[in-house]
Amino acid sequence: MESYYDRTPSMHPDGTRVFQTPLDRKREEQVAKVVEKVWNCRLRHFGSLSPIDWYAVRYDRLVGLLELKCRSHTASQFPTVYLNVRKWLAMLLASNGLGVPPVFIVKFTDGIRWIDVREVNAGQVSLAGCGQVRKGASIEDVEPIIEVDVRRMRVLAD
50 MESYYDRTPS MHPDGTRVFQ TPLDRKREEQ VAKVVEKVWN CRLRHFGSLS
100 PIDWYAVRYD RLVGLLELKC RSHTASQFPT VYLNVRKWLA MLLASNGLGV
150 PPVFIVKFTD GIRWIDVREV NAGQVSLAGC GQVRKGASIE DVEPIIEVDV
200 RRMRVLAD
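Residues 50 to 207 (the working numbering) make up the sequence shown, in order.
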């Protein structure tokens with residue numbers, strides 16, 4: 050798996066740097082197919098610069114908001130996984146307004162886990178991103194993040 054820190058960002062037509070690569074998108078699509086099967090719904094993308102990446106539909110009704118991540122390690126290798134504060138906030142606001150659950154889903158090398166974003170302890174906030182660990186990385190990729198306790202995440206059963 051390509052290192053997160055070795056990825057080259059692309060440009061949105063409006064000039065905004067986009068850090069999701071085609072390979073990231075492909076991996077998320079594979080996870081989306083599993084989620085669709087297990088939860089009996091269809092996942093769709095929001096616009097490319099939306100802070101919320103996915104929404105779920107069942108019987109032509111909106112049933113959820115989702116953030117999907119793919120990691121190159123096991124669920125037990127690190128005690129937490131990062132959720133951007135901007136995504137957490139957008140998901141909570143949209144969930145409240147639309148009346149659907151916001152869900153954070155992470156594919157680890159040993160399985161898929163998820164948590165309702167309303168259950169995330171937002172007290173573990175720090176700054177993180179490529180710019181913290183790699184010289185020359187964009188300052189736009191450093192932002193407040195929440196460290197989500199992996200032990201609180203549920204296993205997505207096939």
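Don't be surprised by glycine CBs; every beta carbon is placed ideally from N, CA and C.
The model shown is predicted, which means the values in this text are computed figures rather than measured ones.
- Collapsing the DSSP output to three states places residue 198 in a strand.
- No Cβ-Cβ contact shorter than 8 Å links residue 117 with residue 169.
- Take the alpha-carbon of residue 88 and the one of residue 76: they are about 18 Å apart.
- Sorting 102, 111, 98 and 205 by C-alpha distance to the C-alpha of residue 146 places 111 at the top.
- Straight-line spacing of the CA atoms in residue 83 and residue 172 works out to 31 Å.
- Residue 163 is not a Cβ neighbour of residue 98, given a cutoff of 8 Å.
- For residue 203 and residue 142, the gap between their C-alpha atoms comes out near 23 Å.
- Taken in chain order, the complete beta strand (DSSP E) segments of 3 or more residues contained in the segment 115–146 are 129–133.
- As DSSP reads the structure, residue 113 sits in a beta bridge with 105.
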